[in-house]
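Comments concern the structure below.
Protein chains: 4
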Amino acid sequence: MKATAELQIIPVGSGVSVRQEISRVVEMLQDHGFFFETHASGTNIEGELEDILRLVKQLHEMLHKEGTVRLVSYLKLETRTDKIPTLAGKRL
Amino acid sequence: MKATAELQIIPVGSGVSVRQEISRVVEMLQDHGFFFETHASGTNIEGELEDILRLVKQLHEMLHKEGTVRLVSYLKLETRTDKIPTLAGKRL
Amino acid sequence: MKATAELQIIPVGSGVSVRQEISRVVEMLQDHGFFFETHASGTNIEGELEDILRLVKQLHEMLHKEGTVRLVSYLKLETRTDKIPTLAGKRL
Amino acid sequence: MKATAELQIIPVGSGVSVRQEISRVVEMLQDHGFFFETHASGTNIEGELEDILRLVKQLHEMLHKEGTVRLVSYLKLETRTDKIPTLAGKRL
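Residue numbers (UniProt numbering), protein chains in the order written: chain A, 1 to 92; chain B, 1 to 92; chain C, 1 to 92; chain D, 1 to 92.
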């Protein structure tokens with residue numbers, strides 16, 4: 001099942017700048033071949049629901065392995081059966 | 001990896017009441033043996049990150065199969081390496 | 001206009017524990033006489049939309065004044081015209 | 001106090017397409033002179049915290065007045081005291 005998603009990951013207690021962690025997220029999205037768009041409040045992702053969910057798990061594991069003690073992530077997921085959901089189709 | 005989560009699923013375009021869909025979510029949580037708490041703005045869940053993510057996928061699949069055309073879900077995930085995250089530990 | 005809301009405030013870069021900031025939020029909710037319920041992923045609030053929004057502003061101002069450098073808050077707002085929204089009415 | 005925000009408004013029970021409501025949100029943002037960016041999962045806004053919160057109230061009022069029975073909105077707010085928050089500063 002195809003889905004569109006928005007993901008924002010916040011490392012809690014790692015200092016005021018979270019730029020490094022966000023860069024790692026983008027690298028993993030690229031490595032996995034997702035179609036995605038970064039913006040000021042998160043990253044929009046298009047793909048198989050199952051792949052997006054697996055990615056979220058891998059991101060938490062990777063960031064903890066690299067030293068982040070506490071992570072909060074916000075994932076918005078949209079699926080629909082009347083047409084294939086795409087990021088392009090959700091823009092005005 | 002253990003996680004705590006908050007899930008809110010909104011069927012878009014299914015009428016003003018979403019009570020039936022929410023009941024189905026709760027049933028699935030019970031069937032899978034998750035520790036969870038429903039509240040006025042969603043459901044808090046405690047479990048393995050992988051299990052929680054699989055559940056979200058199954059919920060989307062089930063609700064679509066039962067006729068909901070469009071779903072938006074909001075998933076908040078928290079993981080930490082300094083202690084095991086629990087719902088009890090996050091209350092004041 | 002009456003509304004129900006869920007608020008979660010996260011101080012970014014203040015250390016792994018955010019308990020002190022959350023306690024201050026609860027104090028302000030009590031001082032303002034809101035009907036609210038804390039849970040593991042935030043605080044549900046019932047009141048006038050205008051009052052809830054003003055509260056969010058005051059919370060950001062207060063926490064910054066007390067030393068928090070960076071704040072992210074997540075506010076979910078629900079309003080409806082077919083009946084008065086209440087927290088009780090949103091529970092299963 | 002300056003803030004950056006992300007707003008997503010979902011009309012519940014208005015049909016599967018929510019394009020019309022989103023267009024009205026964008027019109028109001030333009031009329032009020034906000035700096036904003038629409039994307040596939042919401043609209044990012046930059047401005048005074050107080051003005052952003054007032055806008056959210058006006059949007060709920062306007063959409064209800066125009067016939068939407070039930071609205072859920074998701075507002076993410078970021079403020080910080082070490083520098084002025086801007087949408088440009090939050091991009092990679």
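From the three backbone atoms N, C-alpha and C, an ideal C-beta is built for every residue, glycine too. Being a predicted model, the structure only gives us computed values, none of them experimental.
For Leu71 (chain D), the enclosing beta strand (DSSP E) stretches over residues Arg70 to Arg80. Residue contact check for Met1 (chain D) against chain C: a CB pair falls below 8 Å. Closer than 7 Å at the C-beta level to chain B, one finds these residues of the UniProt domain "Thiamine-binding protein" (5-90) of chain A: Leu49, Glu50, Leu53, Val56, Lys57, His60, Glu61, His64, Val69, Arg70, Leu71, Val72, Ser73, Tyr74, Leu75, Lys76, Leu77, Glu78, Thr79, Arg80, Thr81 and Asp82. Ranked by Cα distance from Val25 (chain C), the first of C:Lys76, C:Glu78, C:Met62 and C:Thr86 is C:Met62. In the three-state reduction of the DSSP assignment, Ala40 (chain A) falls in the coil class, being assigned neither a helical nor a strand state.
For Leu75 (chain C) against Leu29 (chain C), the beta-carbon gap comes to about 13 Å, at or over 8 Å, which does not count as contact. In the three-state DSSP reduction, Leu7 (chain B) falls in the strand class (E or B).
Glu78 (chain B) has its alpha-carbon roughly 26 Å from the corresponding atom of Leu53 (chain C). Here the region 66-73 of chain C does not lie against the region 81-91 of chain B, with fewer than 3 beta-carbon pairs under 8 Å apart. Separation of Gln58 (chain C) and Met1 (chain B) (C-alpha to C-alpha, rounded to the nearest whole angstrom) is 37 Å. In this structure, Ile10 (chain D) sits near Val12 (chain B), with a CB-CB distance shorter than 8 Å. Beyond the five residues adjoining it in sequence on each side, Gly47 (chain C) comes within less than 6 Å, by CB distance, of Phe34 in the same chain, given in chain order. In the same chain as His60 (chain A), and ignoring 5 residues on each side of it, the C-beta atoms closer than 6 Å to its own belong to Leu71, in chain order. If only complete runs of 4 or more residues are kept, the region 41-66 of chain C shows the alpha helix (DSSP H) at 49-65, in order along the chain. For Phe35 (chain D), the beta-bridge partners assigned by DSSP are D:Glu46. Gly89 (chain D) sits exposed, since fewer than 16 C-beta atoms from the chains shown fall within 10 Å of its C-beta. Between Leu87 (chain B) and Glu37 (chain B), the CB-CB gap stays under 8 Å. The beta carbon of Val18 (chain D) is closer than 7 Å to those of Ile10 and Pro11 in its chain, skipping five residues each way along the sequence. Under the three-state reduction of DSSP output, Lys90 (chain B) falls in the helix class. If you compare the alpha carbons of D:Glu21, D:Arg91, D:Thr4 and D:Asn44 with that of Lys65 (chain D), the shortest gap goes to D:Glu21. The bridge partners DSSP lists for Val12 (chain B) are B:Arg70.
With fewer than 16 other CB atoms across the displayed protein chains lying within 10 angstroms of its CB, Gly67 (chain D) is exposed. Lys2 (chain A) has A:Glu48 as its beta-bridge partners, per DSSP.
For His32 (chain B), same chain residues with a beta-carbon under 8 Å away, outside a window of 5 residues either side, are Asp51 and Leu55 in chain order. Annotation: Ala40 (chain A) to Ser14 (chain A) spans about 19 Å, alpha carbon to alpha carbon. Note on geometry: alpha-carbon atoms of Thr43 (chain D) and Thr4 (chain D) lie some 11 Å from one another.
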